[in-house]
Amino acid sequence: MIKTAVIIGVGPIEGLGGYLCTHAANKGLHVVIAGRTLRSIKTVRDAIRGNGGEATAVVADATDESQIKQLVNEAEAIGPIDLAIYNAGNNFPGNFLEMQASYFESAWRVCTLGGFLFAREVIKAMIERKSGTLLFTGASASMRGRPDFAAFTAGKAGLRALAQSLAREFQPQGIHIGHVVIDGGIAGEKIISKYPEFVERAGEDGLVGLGGIAEAYMYLYKQPRNAWTHELDLRTFKENF
Ligand SMILES: NC(=O)c1ccc[n+]([C@@H]2O[C@H](COP(=O)([O-])OP(=O)(O)OC[C@H]3O[C@@H](n4cnc5c(N)ncnc54)[C@H](OP(=O)(O)O)[C@@H]3O)[C@@H](O)[C@H]2O)c1
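Quick note: the sequence shown uses the working numbering, first residue 8, plus one each step.
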């Protein structure tokens, strides 16, 4: 029976979610592609199928408990989930003194609560088999706060803490839990189309490359259980840190 990868937080094909899906398909997994925008996830699905891989697109909001339960059930019905990735977590910048509580809460919902909902359902499925890999996407904000990023930092740091807790609880039960800190802007469609001046300033190889990031996730996925990494950090050679 084919195994599945379920990846939530997928947008454009030239984005991290899109790359994670195509790389997981290259590992022979049936990829269940989840995101809020049907058009985007269908494009990723069609690209994988066009390349001879297997994929299903499912519309799901990471913050909606019943949709996450449904997503995990659908993936398990196709095949046992062997790889699960929580990639949702758009940036939430904002002036702190003018910030509405609802905005702060919405950052927490996507960056942290969604990770909890997804992890709980995925681990319930994996635990009976005592195997599987669950990975979370982090950012610079997972490690350090800075002005105008209080909401995003609180959410991403919460996700990192969640991942650590889950690693200590569930790795002894055979489930590999990983957290990937992407320290810097990603060379994906979002930044390239929305922030051309930023891209220009960053210069050649000034943004973190999609291919390298996706390979790092697959490296974690393929590690033998007697040599697991919990956290990786990735940045371009130019980054000051
Ligand atoms: N972009 C960067 O420079 C950068 C840098 C460091 C870390 N990261 C992290 O990398 C991850 C990917 O971000 P990305 O900006 O590069 O985008 P991406 O992987 O290309 O796409 C992520 C997609 O997640 C979807 N999404 C957002 N909220 C969601 C929700 N509640 N439920 C389901 N799907 C949701 C969005 O699609 P819709 O908008 O269509 O819903 C978005 O297109 C995030 O966790 C981010 O924090 C990004």
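C-beta atoms are modelled at their ideal positions from N, C-alpha and C, and glycine is treated no differently.
- Scanning its chain for C-beta atoms nearer than 8 Å, with the 5 sequence neighbours on each side dropped, one finds around E81 the residues V39, T63 and V65, in chain order.
- Within the same chain, Cβ atoms closer than 6 Å to the Cβ of F111 are found at A158, the five residues on either side in sequence being excluded.
- Under DSSP, the beta-bridge partners assigned to T11 are H37 and I88.
- Around the C-beta of P19, 16 or more other C-beta atoms lie within 10 Å, and the residue is accordingly described as buried.
- With respect to T144, G96 sits close: the two C-beta atoms are nearer than 8 Å.
- DSSP, read as helix, strand or coil, puts H183 in strand.
- No heavy atom of ligand 1 is found nearer than 7 Å to the CB of P100.
- With three or more CB-CB distances shorter than 8 Å, the region 176-194 counts as touching the region 126-146.
- Here the region 223-234 makes no contact with the region 41-56; the two share fewer than three CB pairs at distances below 8 Å.
- Taking 7 Å as the cut-off, one finds no heavy atom of ligand 1 near enough to the beta carbon of L104.
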